[in-house]
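This report refers to the structure that appears directly beneath it.
In this note's numbering, the protein residues as written are 1 to 52.
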């Protein structure tokens, strides 16, 4: 499924990841809810674990 995939934003001609897909009821349908995790809330954990 899509869980764990990136939510990307184009900012100043660069793509940055701003979220992680946590839950999608129906893939690609704008009328069904999706749940994303905000990457900035977990930056310390991400950076620490990338070092390992």
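Where a beta carbon is used, it is the ideal one built from N, C-alpha and C, also for glycine.
DSSP bridge partner residues for residue 6 (one or two, in chain order):
20
Can you tell me whether DSSP reads residue 35 as helix, strand or coil?
strand
Reference residue 1; option with closest CA among 18, 48, 38, 23:
23
Using the C-alpha atoms, what's the distance from residue 8 back to residue 15?
6 Å
Starting from residue 25, follow the alpha helix (DSSP H) in both directions and report where the run begins and ends.
Segment: none, residue 25 is in no alpha helix (DSSP H) and carries neither H nor E.
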